[in-house]
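For reference, the structure discussed in these notes is given below.
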Amino acid sequence: MLLMKPACEACKQSLSHTDEAYICSYECTFCNACNARMQAVCPNCGGKLVLRPTRESSPVAVAIRQAARAPLLVQIMAILRRR
Ligand SMILES: [Zn+2]
Ligand SMILES: [Zn+2]
4 MLLMKPACEA CKQSLSHTDE AYICSYECTF CNACNARMQA VCPNCGGKLV LRPTRESSPV
64 AVAIRQAARA PLLVQIMAIL RRR
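Those letters in the sequence shown? Residues 4 to 86, by this note's numbering.
Encoded structure:
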């Protein structure tokens, strides 16, 4: 699961789960302004900074929905195997 850091590592501006934020593959996290200043390159690892996906649900809600969807996936796999 992606670590959703609560603030920009450069300017300490707080970033909610639905705010625009930029991350590298190590989850170093920066706000929009700092990302622009760094030209989308992480100052910690040199990796590319990309737009972080927003998080709209709690992990528990996601787990419940995944579980609810599992039987359907099993059905689809069974149909695919029949071909
Ligand atoms: Zn910042
Ligand atoms: Zn980094």
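Where a beta carbon is used, it is the ideal one built from N, C-alpha and C, also for glycine.
Just so we're clear, the structure is a prediction, and the values are computed from it rather than from any experiment.
Report the three-state DSSP secondary structure of residue i (helix, strand or coil).
i   : result
A64 : helix
L54 : strand
C34 : strand
A43 : coil
M4  : coil
R85 : helix
Under a Cβ-count criterion, where at least 16 other Cβ atoms within 10 Å of its own Cβ denotes burial, should residue i be classed as buried or exposed?
i   : result
C11 : buried
C14 : exposed
Y25 : buried
C48 : exposed
R55 : buried
T32 : buried
L52 : buried
Using DSSP's beta-bridge definition, name the partner residues of residue i.
i   : result
S17 : A10
Y25 : F33 and L54
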